[in-house]
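Numbering of the sequence shown is given in our numbering, commencing with residue 846 and proceeding in unit increments.
A short write-up of the structure that comes next.
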Amino acid sequence: MAKLIAGMGTSHVPGLGAALDNGKTHEPYWKKLFEGLEPLRAWHRNNTPDVNIIVYNDHATEFSLDSYSTFTIGVGENFRPADEGWGPRPVPSMDGCPDLAWHIIESVMAEEFDLAVNASMDLDHGFTVPLSIAYGQPKKWPAAVVPVCVNVIQHPLPTALRCFKLGQAIGRAVASFPEKINVGIWGTGGLSHQLGGERVGVVNPEFDKKFLDNLIKDPLANTRISHTEFMREAGCEGVEMIMWNVMRGALGDDVDEVFRLYHIPVSATAYGAIILENN
Ligand code: DHB
Ligand code: FE
């Protein structure tokens, strides 16, 4: 049977990918952040699973607002980095894991989660930047991926609780996957940030810290936060944090926090990352 070894949460700030792609990580603006990420990268080097389920959001890159599903799972053999207007990022394409993806679809469908299915979606910074944060700039990514796209941009959005429950169902799906493989699950986006409007640049360290602490102390508390509260406290794009609830829901009650980083600012965001080993 497959084993879910750990969960990771990380922001997906595109500037971080650009810093890597353009060799700027040693410049003063980026140096401290990338030094802070070294233990995260060491952990990933030592704990590479066979497959990472990566819960992310598309930023109206692949999916037009004319047709936007709440949850979409990628069943392709391979996924390309998306062109977000200035050409795709110079990163390798990503091998999928159709067997695990279809097993998840069948398993969560039986638990009343009907996912949209997509075999050819291109993946934007919401997906590729977390990969770069974990694995740097390899010629080939060290693990296959199962993309799970969550609608966090076109209201109505799924609730924080719905995201957690989807995670629980995905956790059970992994546990019943018959192959003996190791699996990781990532929640991406956040933490507090707002990219436009009167409150552009808003960050809220107290809110973010409580959210991170609750991942260990009281994960259900993070399922009771409304979208309005996320957006009021953590900025409009802070609502991306609901994707971390999918990751947390998939893990068991007992997790060990083995890494945390919180850094302000990275572009317009409060950057946060955490790794939770699953006991
Ligand atoms: C930024 C953050 C995001 O989450 C995003 O999708 C785009 C930009 C930023 O802070 O620059
Ligand atoms: Fe985003």
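A virtual CB, placed ideally from N, CA and C, is assigned to each residue, including glycine.
- When distances are taken from the beta-carbon of Glu-1085 to the heavy atoms of ligand 1, the shortest one is below 7 Å.
- Within the DSSP secondary-structure output, Ala-961 pairs in a beta bridge with Thr-917.
- DSSP links Gly-1032 through a beta bridge to Gly-854, Val-900.
- Summarising the contact set, residues whose Cβ lies nearer than 7 Å to any heavy atom of ligand 1 are, in chain order, Ser-856, His-857, Val-858, Pro-859, Gly-860, His-904, His-970, Gly-971, Gly-1034, His-1038, Leu-1040, Glu-1082, Glu-1085, Val-1111, Ser-1112, Ala-1113, Thr-1114.
- Shown here, His-948 sits in a helix according to DSSP, grouped into three states.
- Short of 8 Å from the beta carbon of Phe-916, and not among the five residues preceding or following it, lie these beta carbons of its own chain, in chain order: Phe-958, Leu-960, Ala-961, Val-993, Cys-994, Val-995, Asn-996, Pro-1003, Leu-1011.
- Closest in alpha carbon position to Asp-1098, among Glu-929, Gly-1016, Leu-910, is Gly-1016.
- Excluding sequence positions up to five before and after Phe-972, its CB lies within less than 7 Å of the CB of Ile-899, Tyr-901, Pro-992, all in the same chain and listed in chain order.
- Note on geometry: alpha-carbon atoms of Pro-884 and Gly-1094 lie some 24 Å from one another.
- For Ile-1061, the enclosing alpha helix (DSSP H) stretches over residues 1050–1062.
- Taking the Cα of His-1072 as reference, the smallest distance to any Cα among Pro-935, Lys-1025, Leu-1006 is reached at Leu-1006.
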